[in-house]
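What follows is a short report on a single structure.
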Ligand code: ACM
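Numbering (this note's numbering), first residue to last: 232 to 1040.
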């Protein structure tokens, strides 16, 4: 009996391998950024204490990298690799120096008994190890042993090297100080994403964050502000502050440690020392650096662009030379970033010293447009160029080169400067065409401070709307680019301006997962980029982030709601989830979606008003939160319209989905989505002049019965907006002769300040209309310096109208 049981067991065991094989999960290669050549193979390399680690002799840096791999495996897998000189037929991980490979390139071959990582330089080995980590379970990014994870590496052949030499992220630590621990974590993230540059924005109006021994007041005074603005810049007038002192700076010892840590991960740290604008923290410390030392300067509690800037005096140059003497000792980087952005010229225009200097230097206003950017520059722009060029010369003398934001093109580019293109792509392209290197960090793609999910549910940000998909869509150098652009655009960077990022979690939320899209654009050839495939790999990235206690935005697991109409077509509802092959299920009656709710298969026509709720599901489980978006399928939904004012803000620039035809004036007002009090994004603005109402006209194409019009308007006097003061409705059969059929004065209860979205309606006898005109009156007047920040305009101004949506029933 016993024998027969063991025979049975044996026969079961014999058949198990093939059973197991059929159950074996397919090898996955969730590597971000995507390698440029990857050939999947069958089988896996199993990690165990029997695996040998073979490192080339006399290559201490390579040994260090191999040790890093071994230590992480010891910590997280509880596996000790045995150092050996040769494999002796045992499973082994071999680091092999192969001359002639690109500096950051590597080859990785994984078979069931051998991992070979080849590179010519330590950088390549480092990136090869990052790839190995990403082939392992996410637990490898943890801090403790996980015995249950599958500690094996899928077989593969990879040959990889980056597209661009510069791949980075900028972290602004001025708007809010970042604790030093987070800086280390941030560097880890750069490294795992194969980025090689940490651009550290260290000085600005809101805080000077680098210790300079020669100028101690920079940190004694300049690193602290007495309070911080709450909410958007213009929600309230007077602005509202938190009343809490905020400050912090990095000592030179801390900075040296950070730079060394980054170097150990093949990351160069580029410090940014802003000049000649964004100067308030320095001027608060040393007013003599301004053009008017009799003024009082304060470290700024608000964001923005300030007129108080550094004066191009010998005192200032001596100061910056002293600062740079210490900066270059701390940062071995070839590049020092000198800022150069957003420097208003008012102080220089009003300064007798600056005007005398302009005469002395023979600077003149341009009479013809500049060959570089096609703009006529002022003599003060040229004074900025003089400022930057002088600092460039000083730094060149110390063997360093400068990088500046794209404004350094204005008034003439310093001879050896590299340009960071942020206001769009033009600055970088112009610089490249002029033979200068350029790094692309353009809005909106690379601005990781922008909203990445519907502002109505997101935490407050500076504004904008840049989804993960939008960031991913950017290609710094299209195939048909100018040869000079191909040669001089050296890379890509994401910018993390931290106005609204008080905490590490908020910084994580803004930076991730879009930083991965930036990393892939910087590393992976455009031909190898693929949005769908990126999303497939991102599922594992989110698991890694969780293990690392990083808190990304989770819009990836949710549903984005867009609407779209082709010219005169019906308004369609588009639902999208970035999660690969997720089922989107939705309801239209406000009930919670479940696995049995309607499955979204394709865009559907918006019919009537719906209370849409949608969620993404996989394997019967809801992946993220429910998206809730009421949509208004009224008579105007999806219709083109005309307005008698030029729109300021065009509203709802939510990718192509809200573009109704090529004419930008038709954005927003009839897209079926109402504006709300959460952000300015969906609203369309009109600078109303006295006595001229806003007129919004729609061709309904055929006689249509209308009995009600609904519209929203925004209250926000600090931004010069009042809700509508009245509405009148006119109809026409031919679009020429209009008859007024209803009129209504509107009154709203509102406080002195703040932001509130109002919805108004006007009802009337059912009327046939082929053309419908909605006339909206300004909400009244506002007082300069009383309702909003004083400016040079008249004492009393008509309030602007910010409108969204206009509906008819
Ligand atoms: C910038 O965003 N001001 C460079």
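C-beta: ideal position from N, C-alpha, C; glycine also. Quick caveat: nothing in here was measured; it's all calculated off a predicted structure.
- prompt: Measuring from the CB of residue 431, is there a heavy atom of the ligand ACM at a distance below 7 Å?
  reply: no
message: Quick check: the Cα distance between residue 658 and residue 432, rounded to an integer number of angstroms?
response: 20 Å
query: So is residue 899 in contact with chain B if we call contact Cβ pairs under 8 Å?
result: Although the question refers to chain B, the structure presented lacks it and comprises just one protein chain.
Contact test: residue 436 Cβ vs the ligand ACM heavy atom, cutoff 7 Å: no
Between the CA atoms of residue 641 and residue 818 - distance to the nearest angstrom: 53 Å
- prompt: Does DSSP put residue 636 in a helix, in a strand, or in coil?
  reply: strand
message: Restricting to runs no shorter than 3 residues, where is the beta strand (DSSP E) found entirely within the segment 965–1013?
response: 970–976 and 987–1008
query: For residue 352, which option in 294, 365 and 653 has the closest C-alpha, if you only look at C-alpha atoms?
result: 294
message: Measuring only from the beta carbon, is residue 534 closer than 7 Å to any heavy atom that is part of the ligand ACM?
response: no
message: Using only the alpha-carbon positions, how far apart do residue 781 and residue 739 sit?
response: 6 Å
- request: Have a look at residue 266 and residue 497 and give me their C-alpha separation to the nearest angstrom.
  value: 18 Å
task: Report buried or exposed for residue 365, applying the criterion of at least 16 other Cβ atoms within 10 angstroms of its Cβ.
output: buried
message: Beta-carbon distances below 7 Å to any heavy atom of the ligand ACM define the shell here; list its residues in chain order, please.
response: 572, 573, 636, 653, 726 and 728
query: residue 735 lies in the alpha helix (DSSP H); which residues open and close that run?
result: 735–742
field: Extent of the continuous beta strand (DSSP E) to which residue 944 belongs
entry: 925–946
message: On the criterion of 16 or more Cβ atoms from any shown chain inside 10 Å, does residue 615 qualify as buried, or is it exposed?
response: buried
- request: Go ahead and pull the three-state DSSP assignment for residue 788.
  value: helix
- request: Could you tell me if residue 477 is buried or exposed, where buried requires 16 or more neighbouring beta carbons within 10 angstroms of its beta carbon?
  value: buried
C-beta atoms of residue 955 and residue 1007 nearer than 8 Å: yes
message: For residue 627, which residues in the same chain have their Cβ closer than 7 Å to its Cβ, ignoring the five residues on either side in sequence?
response: 647
query: Does the pairing of the segment 706–720 with the segment 809–818 give three or more beta-carbon distances under 8 Å?
result: no
field: Three CB pairs or more closer than 8 Å across the segment 364–380 and the segment 770–780
entry: yes
task: Please name the residue, chosen from 537, 611, 325 and 650, that lies closest to residue 567 on a Cα-to-Cα basis.
output: 650
DSSP state of residue 522 mapped onto helix, strand, coil: coil
- prompt: Per the contact definition of three or more C-beta pairs closer than 8 Å, is the segment 406–417 in contact with the segment 381–395?
  reply: no
- prompt: Under the three-state reduction of DSSP, which class applies to residue 530: helix, strand or coil?
  reply: coil
query: Applying the criterion that 16 or more other CB atoms from any shown protein chain within 10 Å of the CB defines a buried residue, is residue 584 buried or exposed?
result: exposed
Cβ shell of residue 998 (< 8 Å), same chain only, five flanking positions each side left out: 936, 937, 938, 962 and 972
Own chain residues within Cβ distance below 8 Å of residue 580, not counting five before or after: 586 and 611
message: Using 8 Å as the threshold, is the C-beta distance between residue 509 and residue 733 below it?
response: no
CB contact flag (residue 457, residue 518, <8 Å): no
task: Within 10 angstroms of the Cβ of residue 916, are there 16 or more other Cβ atoms? Answer buried if so, exposed if not.
output: buried
- request: List the DSSP bridge partners of residue 477.
  value: 456
field: Span separating the alpha-carbon of residue 571 from that of residue 638
entry: 6 Å
- prompt: At what residues does the beta strand (DSSP E) containing residue 270 begin and finish?
  reply: 268–277
message: Using only CA atoms, which one of 854, 516 and 363 lies nearest to residue 846?
response: 854
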